[in-house]
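In what follows, a structure is listed as structure tokens, so that the remarks can point back to it.
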Amino acid sequence: MAQMTLIQAITQAMDEELARDPRVFITGEDVGKRGGVFRATMGLIEKYGPERVVDSPLAELSIVAIGIGAALADLRPICEIQFADFIHPAFNQIANEAARFYYRSNGQWRVPMVIRSPYGGGISGALYHSQSVEAFFAHVPGLKVVIPSTPYDAKGLLKSAVRDPNPVLFFEPKKGYRAIKGDVPEEEYIVPIGPARIAREGEDISVFAYGMMAYYAEIAAEQVAQEGISAEVVDLRTLAPVDRDAIRNSVMKTGKALVVYEDNLTLGYGAEIAAIIADECFEYMDGPVKRLAGPDVPGVPFSHPMQDFFMPNPNKIADAIRDLVAY
Amino acid sequence: MAQMTLIQAITQAMDEELARDPRVFITGEDVGKRGGVFRATMGLIEKYGPERVVDSPLAELSIVAIGIGAALADLRPICEIQFADFIHPAFNQIANEAARFYYRSNGQWRVPMVIRSPYGGGISGALYHSQSVEAFFAHVPGLKVVIPSTPYDAKGLLKSAVRDPNPVLFFEPKKGYRAIKGDVPEEEYIVPIGPARIAREGEDISVFAYGMMAYYAEIAAEQVAQEGISAEVVDLRTLAPVDRDAIRNSVMKTGKALVVYEDNLTLGYGAEIAAIIADECFEYMDGPVKRLAGPDVPGVPFSHPMQDFFMPNPNKIADAIRDLVAY
Amino acid sequence: MPELTAERPSATLSEEALLEMYWYMLLSRRTDERAWVMHRQGKIPFHISAIGHEATQVAAAYAINRGVDYVHPYYRDLTLVMAIGVTPFDFMMSLYGKKGELSSGARQMPSHFGAKHLNIISGSSPVATQVPQAAGLAFAIKYRLSQGLQSPDDTSQPRLALTCLGEGSTSQGEWHEGMNWAGVHNLPFICLVQNNFYAISVPLEGQMAVSSVADRAAAYGVHGISVDGTDVLAVYDAMKEAADRAYSGEGATLVEARCYRMTPHSSDDDDRTYRSREEVEEWKKKDPLVLFQKRLLKEGVLTKKLIEEYEAKAKAEVDDAQQRAEAAPWPKPEEALGDVFAPLEEA
Amino acid sequence: MPELTAERPSATLSEEALLEMYWYMLLSRRTDERAWVMHRQGKIPFHISAIGHEATQVAAAYAINRGVDYVHPYYRDLTLVMAIGVTPFDFMMSLYGKKGELSSGARQMPSHFGAKHLNIISGSSPVATQVPQAAGLAFAIKYRLSQGLQSPDDTSQPRLALTCLGEGSTSQGEWHEGMNWAGVHNLPFICLVQNNFYAISVPLEGQMAVSSVADRAAAYGVHGISVDGTDVLAVYDAMKEAADRAYSGEGATLVEARCYRMTPHSSDDDDRTYRSREEVEEWKKKDPLVLFQKRLLKEGVLTKKLIEEYEAKAKAEVDDAQQRAEAAPWPKPEEALGDVFAPLEEA
Ligand SMILES: Cc1ncc(C[n+]2csc(CCOP(=O)(O)OP(=O)(O)O)c2C)c(N)n1
Ligand SMILES: Cc1ncc(C[n+]2csc(CCOP(=O)(O)OP(=O)(O)O)c2C)c(N)n1
Ligand SMILES: [Mg+2]
Ligand SMILES: [Mg+2]
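Protein chains in written order, with the working numbering: chain D, 1 to 327; chain U, 1 to 327; chain C, 1 to 347; chain R, 1 to 347.
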């Protein structure tokens, strides 16, 4: 086992997949010599050459569309969008195109591609370098949406994504790139897309989260454990298609549900989790389904006091757990 | 009072606003001589000239961006997107730009514009002429999202939208353009953006819907009334910002909630309504919050049997009401 | 191929090929006309037409390696896809939306072509999305060559990607980005713009401030050609030049073929609201099917007798296609639920 | 203005104007350099620099009706906005993110300029989005003129819209659509592309297969000019021509100004990974501030003494700005919640 950061695990996953399958290539802005603005592709152009690690023009829709075309032609593109905030120009290509090829062609044409992008706030990135965009894509049938919160999962899920015959959006909590560390086995492994991960078992309340918020939820669960509160933390990992069983099983056990996400509250991903629980777990509930999320304002503000106000964090999560357990 | 169709009410609203305010203009594909592919702008170019009813190039992002620029310069653009399915190329301009100008400029720059677009299925339009896209935009703070279901509301809300200092997305249920008729007063009136409309009062169950589904819900409520079921139909009308009081008040009265929408189930707009109820009405609920929506497939299929399978309709709504009332 | 520089590529077309091209134009025309009739009879909800574009499309098909090279068409490409192998029956099935219809299993509207076995990519409705995707297909060809996954003279593999769209659709950012990628990477790519001077009701000058789409090639460092799209052989020459450039690694070409949409935009449209009958009549004199027929007659390739035989054969084929499609079963309602995700085994 | 055709527009610039332009270049440079120091000291999280672009930007500001004409800048436009009226203090406030900061109330990152009273439109980060918006501003001007809402020689109203971006950002579909609209509607619009040959690490040839961005003007039927962006007067001539075209209803202009980004892309970047030190050193010989200083010295407009005075004044102003910004209060946390919607009264 090697101890490594989240971003190192991501680089390693790409490195291994490039080595495994000659059809795998990377494209995106500054992925070549620069190794990506976060250094996720560092060293890869030196190893695999500029034909396989391809600096794109500054144009997201074509980064995705080139990926789609290449995937139709049976290559295995990994497309990097430099920040999730800049994925919107490619929205048409992702939502109208990549997502619908398999269905619209009656299963003739498929789009095995990965779109990687760093997301999330808390890094002084303000409105346009902090966005969470998973809810837009989790709403589009035909797309898989994955967000890891540990190096182990990041590597294993990214490898699964590269091998998946469908378009997979792989969002990486950039605040955790270097902050989150963990063990990663030396030997080859994958983590399947689909199942959630019970990050911590508990009896009193279920906390559903993903990405940076899953990491924070574990810290919060540890905090409240000192006070005798037993919180179960469910790291959803795959947001689409979602693991309904994991949600049901946890809530049926605890009777309380808190959903945490850093995106804006309204229609953020947690709305669906709350709606699933409200429908499928009604008879098991000992309290309302609570959501802790970013406020409904058009972006994470730059200045620290406002940014901190916006962002959920371990203390806010611990408070929400206490409140709901006390309900 | 004049009896008119939904689309006639929409045309009339634009006609009156063009007459009222010289800053109001219309742009979009085929809005000029052709009067729009659905004829919503019919007769307006003849009346107001090609400077105020402007055929755009075939390019949605610039239709919206031109509108944004003109709005920044204190004009009042009404931008037509020919089908909601084609709004995605403009996603960046709407979600990253129009929505955030006021906030990002600390209230200096505002974007008083309307984006009108026909949406929804059931008209043999298949994957790309049937989409419901409201959930994407209702998730973005800074945007108002309005969907009328009656000619009265269509006219009154569209006039409010034109006069609103913020970007308003105005989605029109195209299947109802000519199918839905109703009374519209001769005299000037507006319907404020914000409050929901109790389309029908009832005691046993609350049905939340909008657009074509609100129209269908009223029919379904009438059906089940014969069987002694008293269903309250809440036509949400304004999806963002949503009328939480109307939701709470209705559910507190009936104890049962059914949310109907024709978009895909997962993370469709109804997910937020269900999540609000699960949070704020827990103690009043006599059953799970149920959602009736389109299945999670990448589009409404073309062929009739499959299209009918996809679409909610009055019978399916009536069945869902019966099931939930019997819970 | 230095031999070709002296004479026009079209001069090398065999009589057999010329007759085939004529046949596909005719078959497409008669199929298309029948669809209008079916629509007027209320049998089908929608039709969008290739009438007036046949010369351009058949020439494009014959200039490439049909059924092997990647083709990412648009909704007006009936003649193109028929010349590649889509049959009147396939098309009739899509008009009705019958079970198992070739392109989409009746999930999509008609004219959203797609056929894996012919390397015709499945199309969507939002215009111009296919352009950067087709650049991606061309990128894949170049990639496979560079990585030794494909050999340059293996004609059983796609060696270029062809995509089509209307002149109005070049206003989209999608087009710009696709063209730009094709230029930057010098891709084996052909963008065929079928300039029929209208985008539904909006005339050319409402789309662009230049008079030829081919002028735009210069912005991308790609080769641009403008050609009379009603003239089969002229389009063939242009497309052949483009294809040869692609095959020999010289890069991308933008071809503008100028023609006319002889019908309303679609069965939902009424073109009398925005263009004069005189204009339409004027263009009818340039009906590409009539022009090509005359030319082949003059050159003795076609005969009156052959024309009649072809007409009879086309009618029989279209009749048969319509009857079989009409009799075919509808999809099951639950077929709406399939094919959301490809199974992992397909990876 | 036929008088101008004989001589270069820049020849008509007064000494006073030339000195002002020099002053703004200097003030911007010193402010910018200070920001780098502050970043190294860990006082601020981020800085993005205009160093190397000053000549282009100051000339652009002086060619238009500063503070009246619409300007929709990009993140590298520090000199441009300073020449229009943004102060070092305003900028320092944004670097720290202090309460009430001019452009965004400290909601946005620094260099996301915006000032309503100067008709500087609030900028965002996604590149090129400003281009079609600026076309919309220009459209509004033309609309107001056509509707009699504005008179053509009312210089208290905006009479053109200027937007800026880098050469890499012209790869975006947003750019294409904005340029196209400007061409089709013949708008009073200037797109100033500051071509510094890199988009972060990606060189020009990774963005486009043409060697000058101005070549792309032909695709839109707009006028294109390419100019040495390190030469104040050359850029002024080009921009003045563009502005005169806009004012007189002749339409849109695409101006490419070729210059060099003398720093890494931003404080997050390390340009040693992708460009040689030799290249950077070579370009430093074309430092626009030094070049303009030399020229003004030669022409006797500047003197050694004046240079020293200006330097002292700039230092004092930057010192003062930094101190005041450092001492200014932080926003309240709850200020995160304001300004989601404009109140109805504002309609
Ligand atoms: C993104 C998008 N916007 C709008 C439409 C509606 N629409 C379909 S075809 C068409 C006109 C296309 O004109 P052109 O590109 O010239 O092709 P033509 O139909 O003339 O062959 C329009 C506006 C669409 N399909 N996609
Ligand atoms: C849509 C979008 N994609 C990516 C980025 C990240 N990014 C910021 S600046 C930049 C390079 C811009 O290069 P250029 O347009 O040449 O301008 P320059 O910075 O060189 O002045 C990139 C890729 C962005 N801001 N917006
Ligand atoms: Mg056309
Ligand atoms: Mg640059």
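All C-beta atoms in this analysis are idealised placements derived from N, C-alpha and C, irrespective of residue type, glycine included.
- Around Asn65 (chain R), no beta-carbon contact reaches into chain U at under 8 Å, the shortest distance being about 15 Å.
- Nearest in C-alpha terms to Met21 (chain R), of all of R:Arg66, R:Phe189, R:Lys286 and R:Tyr260, is R:Arg66.
- Sixteen is the threshold: since fewer than 16 other Cβ atoms of the shown chains lie within 10 Å of the Cβ of Gln41 (chain R), the residue is exposed.
- Boundaries of the beta strand (DSSP E) around His72 (chain R): Tyr70 to His72.
- Distance check between Gly249 (chain C) and each of C:Tyr74, C:Asp153, C:Tyr274 and C:Ala316 places C:Asp153 closest, using alpha-carbon atoms only.
- Using a C-beta cut-off of 8 Å, the region 258–276 of chain D makes contact with the region 200–212 of chain D, since at least three inter-stretch Cβ pairs fall below that distance.
- Glu281 (chain C) counts as exposed, since fewer than 16 other beta carbons sit within 10 angstroms of its beta carbon.
- For secondary structure counted as the beta strand (DSSP E) over 3 or more consecutive residues, the region 40–83 of chain C holds these complete runs in sequence order: 70–72.
- Exposure of Val37 (chain R) is indicated by the presence of fewer than 16 other C-beta atoms within 10 angstroms of its C-beta.
- Set against 7 Å, the gap from the CB of Gly85 (chain R) to the closest heavy atom of ligand 1 is not smaller.
- Going by DSSP, Tyr119 (chain D) is part of no alpha helix (DSSP H) but of the beta strand (DSSP E) stretching over Val114 to Tyr119.
- Residue burial annotation: Ala70 (chain U) is buried, with at least 16 other C-beta atoms found within 10 angstroms of its C-beta.
- In this structure, Asn196 (chain R) has its CB closer than 7 Å to one or more heavy atoms of ligand 2.
- Assignment of Tyr198 (chain C) by DSSP, reduced to helix, strand and coil, places it in the strand class.
- Collapsing the DSSP output to three states places Ser14 (chain C) in coil.
- A distance below 6 Å between beta-carbons, with the five flanking residues on each side excluded, links Ser49 (chain R) to the following residues of its chain, in chain order: Asp32 and Thr263.
- Annotated three-state conformation of Ser104 (chain R) is coil, per DSSP.
- When DSSP reads this structure, Val234 (chain D) sits in a beta bridge with D:Ile198 and D:Phe208.
- Residue-level contact by beta carbon fails for Tyr177 (chain D) and chain C, as no gap is shorter than 8 Å.
- The beta carbon of Val340 (chain C) sits closer than 8 Å to some beta carbon of chain D.
- Against chain U, the beta carbon of Asp279 (chain D) has neighbours under 8 Å at Ala274, Pro288, Val289, Lys290 and Arg291, listed in chain order.
- Considered as a whole, the region 84–139 of chain C harbours no complete run of any beta strand (DSSP E) with no fewer than 3 residues.
- With the rule of 3 Cβ pairs closer than 8 Å, the region 192–202 of chain R does not count as touching the region 54–67 of chain U.
- For Thr254 (chain D), the enclosing alpha helix (DSSP H) starts and ends at Arg244 to Thr254.
- Rounded to whole angstroms, the Cβ separation of Glu256 (chain R) and Ser212 (chain R) is 6 Å, and the two are in contact under 8 Å.
- Its Cα nearest to that of Glu51 (chain D), the residue D:Gly32 stands out among D:Gly32, D:Ala40 and D:Val114.
- The CB of Trp330 (chain R) comes closer than 8 Å to the CB of Ser303, His304 and Pro305 in chain D, given here in chain order.
- Put simply, the CB of Tyr119 (chain U) is far from chain D, with every gap to its CB atoms at 8 Å or more.
- Out of R:His223, R:Tyr70, R:Thr12 and R:Asp271, the CA that lies nearest to the CA of Met179 (chain R) is found in R:His223.
- Closer than 8 Å to the CB of Tyr128 (chain D) there is at least one CB belonging to chain R.
- At least one CB atom of chain R sits nearer than 8 Å to the CB of Tyr102 (chain U).
- Each residue's CA atom was taken as its position, placing Tyr152 (chain U) and Phe25 (chain U) some 22 Å apart.
- Lys159 (chain U) counts as buried, since at least 16 other C-beta atoms from the protein chains shown sit within 10 angstroms of its C-beta.
- In this structure, ligand 4 has no non-hydrogen atom nearer than 7 Å to the beta-carbon of Gly229 (chain R).
- Remark: C-beta atoms of Glu29 (chain D) and Leu61 (chain D) do not approach each other more closely than 8 Å.
- By the C-beta criterion, the region 170–184 of chain D is judged not to be in contact with the region 221–233 of chain D, since fewer than 3 inter-stretch pairs fall below 8 Å.
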